[in-house]
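So the structure is just underneath, and the comments pick up after that.
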Amino acid sequence: MNFTNPLVYGIPCFLGLILVELTYSKTHDHKDLYKWKDLMSSLTMGIGSVVLAPLIKTVSAIIIFNYLYELCNPIIDGVRTNIMGWQSFGYSWPIWLICQFLDDFTYYWFHRQNHMVRFLWAAHIVHHSSENFNLGTAVRNGWFTILYKPLFYMWLPIIGFPPEMVIVCLGIEALWQFQLHSAYIPKMGIIEKVFNTHTMHQVHHAKNLEYMDKNHGGFLNIFDKLFGTWKELDDNIDIAYGVTKPPNSYNPLVILTHEYKDIWNDMKKTPNLYYKFMYAFGPPGWSHDGSSLTIKQMRNQQKSEKLVRNNELTPSTT
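Quick note: the sequence shown uses the working numbering, first residue 60, plus one each step.
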């Protein structure tokens with residue numbers, strides 16, 4: 060069966076919704092929601108992604124996904140059979156739902172690893188580098204992410220999901236992710252119990268220490284809750300968006316490459332091969348000399364400092 064990637068129709072909607080939100084913010088009491096230079100940077104990188112994505116995704120869909128599907132799901136006695144000996148999946152609606160659920164599971168781990176592995180973070184940091192949270196930020200995508208994202212999804216055609224089904228589910232996921240970047244949508248009650256919502260995604264884009272590396276989910280928040288990365292938006296916390304080491308530039312090329320440059324500079328600090336490896340593939344912030352800290356280390360340091368302060372304030376009983 061032939062299907063059209065939903066993003067073909069989504070891209071014009073993206074631009075229209077950005078224009079609506081931009082106009083609303085400028086005519087109402089939220090004029091700082093968009094900054095013109097920041098928006099132009101985001102749109103430039105979004106246009107670049109639109110140009111590059113079809114080329115890369117066509118290769119991944121036609122060559123990688125189709126090759127793996129044909130290799131691991133051979134036709135035996137007229138029946139396409141997957142590697143587990145079952146009949147490969149068809150196009151019934153329960154199979155679509157299962158594929159979308161597994162796509163969401165895969166997206167969670169793909170997204171989480173983008174925050175856990177510095178070399179991947181160097182590509183993903185582009186999306187987080189804006190200090191604004193709006194629909195324009197939603198299209199601020201790193202161009203290099205496209206090169207490795209399909210690798211996370213290869214297992215789906217291997218176990219029997221048709222490649223075109225996987226591509227459509229990826230497109231639907233991207234549509235949901237886009238609309239999450241609006242600050243105008245409040246908490247949504249019972250919907251928050253199941254789905255990844257706008258306020259949860261605000262947490263994800265925040266650089267507040269208590270919020271960093273939280274809420275990696277796509278459609279659902281179940282995987283964040285299962286694996287300990289879920290965090291609800293606290294209305295009592297003044298939220299700050301962006302990253303702790305921003306590119307300090309509106310130049311798209313600087314935004315796209317600045318973290319790779321930082322990795323290279325860090326690797327040159329030491330001749331130790333293990334340290335070099337960790338600077339590239341360890342968690343962001345890792346350092347061999349303590350000159351910078353990972354988010355986990357910063358949180359531990361914060362807890363230790365808080366414990367010391369509490370002990371100092373506690374009256375002695377001796």
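Beta carbons are placed, not taken as given, at the ideal position from N, Cα and C, and that holds for glycine. Predicted, not measured: the structure shown is a model, and the values here were computed from it.
What residue does the alpha helix (DSSP H) around residue i start on, and which one ends it?
i	result
Y338	332 to 340
D325	311 to 326
R177	177 to 187
F237	222 to 238
N200	No alpha helix (DSSP H) holds N200; DSSP gives it neither H nor E.
N370	354 to 372
L215	214 to 217
Compute the beta-carbon to beta-carbon distance between residue i and residue j, rounded to the nearest angstrom, for a pair I have assumed lies under 8 angstroms.
i	j	result
M357	W345	Contact doesn't hold; Cβ gap of about 12 angstroms is too wide.
F148	I154	5 angstroms
G277	W235	7 angstroms
N191	Y83	Rounded, the Cβ-Cβ distance is 15 angstroms, inconsistent with contact.
F282	Y207	The pair is not a contact, with the Cβ atoms about 20 angstroms apart (cut-off 8 angstroms).
N280	F254	7 angstroms
H257	I244	4 angstroms
S189	S101	6 angstroms
G341	R177	6 angstroms
Y212	T165	6 angstroms
C131	I217	5 angstroms
T329	H347	6 angstroms
V111	I205	The question names Val, but residue 111 is Leu in the sequence shown. About 6 angstroms; that satisfies the 8 angstroms criterion.
P383	N369	Past the edges of the chain, shown from 60 to 377, lies residue 383, and the structure says nothing about it.
Who does residue i pair with in a DSSP beta bridge?
i	result
Q146	T140
Got a sec: does the ligand MN put a non-hydrogen atom nearer than 8 angstroms to the Cβ of residue i?
i	result
F254	Because no ligand of any kind appears in the structure shown, any question about the ligand MN cannot be addressed here.
Once you ignore the five residues that flank residue i on each side, which residues in its own chain have a CB closer than 8 angstroms to its CB?
i	result
M104	V185, V198, R199, N200, G201, W202, P311, I314, L315
A265	M271, I298, A299, Y300
H174	W180, H183, D272, H275, P343
M99	Y309
Y319	A181
D163	E232, G276, G277, F278, L279, F282
G349	none
Q360	L352
I322	R177, F178, A181, Y338, A339
Under three-state DSSP, which class holds residue i?
i	result
Y300	strand
L279	strand
I2	What the structure shows of the chain is the stretch from 60 to 377, and residue 2 is not part of that stretch, so it cannot be assessed.
A242	coil
F254	strand
Check whether chain B comes within 9 angstroms of residue i, counting only Cβ atoms and requiring the distance to be less than that.
i	result
K208	The chain labelled as chain B is not found in the depicted structure, where only one protein chain is given.
Leaving out the 5 sequence neighbours to the left and right, which residues in its chain are closer than 7 angstroms to residue i when beta-carbon positions are compared?
i	result
L210	none
L161	L215
Y93	L81, S84, N191, N193, G195
H260	L239, H240, N274
F169	K208, F211
I123	P209, M213
V31	In the structure as shown, the chain starts at 60 and stops at 377, and residue 31 therefore has no counterpart that could be examined.
Once the 5 residues before and after residue i are set aside, which same chain residues still bring their CB inside 6 angstroms of it?
i	result
M224	C158
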